[in-house]
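**Student:** Below is the structure I would like to discuss, written out as structure tokens.
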Amino acid sequence: MNLLSVSHLHVNFHMKEQELAALIDVSFTLNRGERIAIVGESGAGKSVLGFSIVNLIGKPGYIKSGSIKLENKEITKMNLRQLQEVRGKRIAMIFQDPMMTLNPVLTIGDQLVETIRSHTKISYKDARNIAIEKLHHVQIASPEKRFDQYPHELSGGMRQRVIIASVLLLNPDIIIADEPTTALDVTIQAEILQLLLAICRDNGVALVLISHDLGVVSKVAERTLVMYAGHVVEEGPTLEIINDPQHPYTQGLLNALPQMTLPGQRLNQIRGSMPSLAERPSGCAFHPRCPYATQKCRQEQPRFIYSGVSSVACFLVEDMLNEFADKDKEAS
Ligand code: SF4
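In terms of my numbering, the sequence shown opens at residue 821 and continues consecutively.
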């Protein structure tokens, strides 16, 4: 059984007299200990998907239809008490800015102890020992000293380590990390990613890494979902997606990576920008930015089809596969 199964998920935002679709027919699965990435530019729907998994979509957003199952339990039908059990204990979230999670007026230690004692009945002293051990686990030097410090006394990288320690306190099955390194220096980014990777590997924790950067996810995720305008447009093994991207949007994201640009050359940005929810183009939502768009792309929505190793929603790929199939038929 899959640890997490998201099936045909639709999330809408109810704005004045308009219904705006933020997620459209999103499906994927996650196995125990597996690491997947959700990639796309800002506005693609990645964070909405992350929040939807723990049913944390705030108004005016709501889950319109579809299913999110944690093993055999339907998250979309849980009451608040059941959701609180799931959040943190089974599925934990890490955000870009650790200050979104840390309380600036409490010491690091008080926050960690509070987390432990709100879920287990143990003494302050025992909770303190566990908290210090977890700080040590996330490679924070002098954990006893850090325990008594306030968040503002720590660097950004160290604060993110504290968040990872706090997430580990409850031994979750899944960590959802939403751009966890975007606010950090490049060298610290690499350290935090390595730490997340090691922690997930060593503890058998599944990871959903949300990122705009295919370079970042290639170091951590085994499988990648590429999102555009609320749709999953490509899904497959990360190595395959990096080495042989099928969807023109994935190709554009890869070409835009600084590593793909020669010194002195301008970045190969994808022309145009992600449409707002209110201005979703007809047909394939990527068509105004796609160098291969045809009349059909402007009018019809491509189906999500399996292309051999990955799955893609693109008429160009579909036509190519049909051509190969026809040639195979002719040859046989
Ligand atoms: Fe481009 Fe058409 Fe494919 Fe969309 S369906 S990505 S517009 S070729």
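The C-beta atom is built at its ideal place from N, Cα and C for all residues, glycine as well.
Computed from a predicted model, the values in this text were never measured in an experiment.
(1) Which residues in the same chain have their Cβ closer than 7 Å to the Cβ of Asn1023, if we skip the five residues on either side of it in sequence?
(2) Taking Arg836 as the reference, give the member of Gly881, Val982 and Ile844 with the closest Cα.
(3) Near the ligand SF4, which residues have their beta-carbon less than 5 Å from any of its heavy atoms, given in chain order?
(4) Look at the Cβ atom of Gly860, then the Cβ atom of Tyr1112, and state whether they are nearer than 8 Å.
(5) So, under 8 Å CB-CB, Met1140 and Ser862 are touching, yes? Tell me the CB distance rounded to an integer number of Å.
(6) Determine, using beta carbons only, whether Pro918 and Val982 come nearer to each other than 8 Å.
(7) Would you mind sorting Met920 into buried or exposed? The rule is 16 or more other CB atoms within 10 Å of its CB.
(8) Cutting at 6 Å between CB atoms, please list the residues of its own chain near Gln1072, excluding the five before and the five after it.
(9) Can you tell me whether Glu1055 is helix, strand or coil according to DSSP?
(10) Is the region 1020 to 1040 touching the region 1096 to 1113, taking contact as three or more C-beta pairs under 8 Å?
(11) Taking the CB atoms as reference points, tell me whether Ile856 and Ile914 lie closer together than 8 Å.
(12) Candidates Ala951, Ile1012, Asn923 and Ala1151: which alpha carbon is nearest Gly929's?
(13) Express the C-alpha separation of Tyr970 and Val933 in angstroms, rounding to a whole number.
(14) According to DSSP, is Glu1060 helix, strand or coil?
(15) Which residues does DSSP list as the beta-bridge partners of Tyr1069?
(16) Could you pull out every residue in the same chain whose Cβ sits closer than 8 Å to the Cβ of Gln1115, ignoring the five residues on either side in sequence?
(17) Excluding the 5 residues preceding and the 5 following Asp998 in the sequence, name in chain order all residues of the same chain whose CB lies nearer than 8 Å to its CB.
**Tutor:** In short:
(1) For the purposes of this step, residue 1023 is identified with residue 203 of the sequence shown, where counting begins at 1. No residues qualify anywhere along the chain.
(2) Here residue 836 corresponds to residue number 16 of the sequence shown, with the count starting at 1. Going by the sequence as given, residue 836 is Lys instead of Arg. Out of Gly881, Val982 and Ile844, Gly881 has the C-alpha closest to the C-alpha of Lys836.
(3) Pro1068, Cys1104, Phe1106, His1107, Cys1110, Tyr1112, Ala1113, Cys1117, Pro1122, Cys1134, Phe1135 and Leu1136
(4) Stepping through the sequence shown from its first residue, residue 860 is reached at position 40. Stepping through the sequence shown from its first residue, residue 1112 is reached at position 292. Taking 8 Å as the Cβ cut-off, Gly860 and Tyr1112 do not qualify as a contacting pair.
(5) Against the sequence shown, residue 1140 aligns to sequence position 320. Against the sequence shown, residue 862 aligns to sequence position 42. Not quite, the Cβ-Cβ distance comes to about 30 Å (not below 8 Å), so this is no contact.
(6) As a working note, residue 918 is residue 98 in the sequence shown. As a working note, residue 982 is residue 162 in the sequence shown. Result yes, Cβ atoms of Pro918 and Val982 sit closer than 8 Å.
(7) What you label residue 920 is simply residue 100 of the sequence shown in a count that begins at 1. It counts as exposed.
(8) Locating residue 1072 in the sequence shown gives position 252, where the first residue counts as 1. In the sequence as displayed, the identity of residue 1072 is Gly instead of Gln. So the qualifying residues of the chain are Ile1090.
(9) Residue 1055 sits at position 235 when you count from the first residue of the sequence shown. Three-state result, Glu1055: strand.
(10) no
(11) The residue labelled residue 856 in the question sits at position 36 within the sequence shown. The residue labelled residue 914 in the question sits at position 94 within the sequence shown. In this structure, Ile914 does not lie closer than 8 Å to Ile856 by Cβ.
(12) Translated into positions along the sequence shown, residue 929 becomes position 109. Considering only alpha carbons, the answer is Ala951.
(13) Locating residue 933 in the sequence shown gives position 113, counting from the first residue. Locating residue 970 in the sequence shown gives position 150, counting from the first residue. Those two C-alpha atoms are separated by around 14 Å.
(14) As a position in the sequence shown, residue 1060 is number 240, starting the count at 1. In the structure shown, Glu1060 sits in a helix (DSSP, three-state: H, G or I).
(15) Working through the sequence shown from its first residue, we reach residue 1069 at position 249. Looking at the DSSP assignment, Tyr1069 forms no beta bridge with any residue, so it has no partner.
(16) Counting from 1 along the sequence shown, the entry for residue 1115 is found at position 295. There are no such residues.
(17) What you label residue 998 is simply residue 178 of the sequence shown in a count that begins at 1. If we look at Asp998 and ignore the five residues flanking it on each side, its Cβ neighbours are Lys866, Ser867, Gly870, Met913, Ile914, Phe915, Gln916 and Ile1030.
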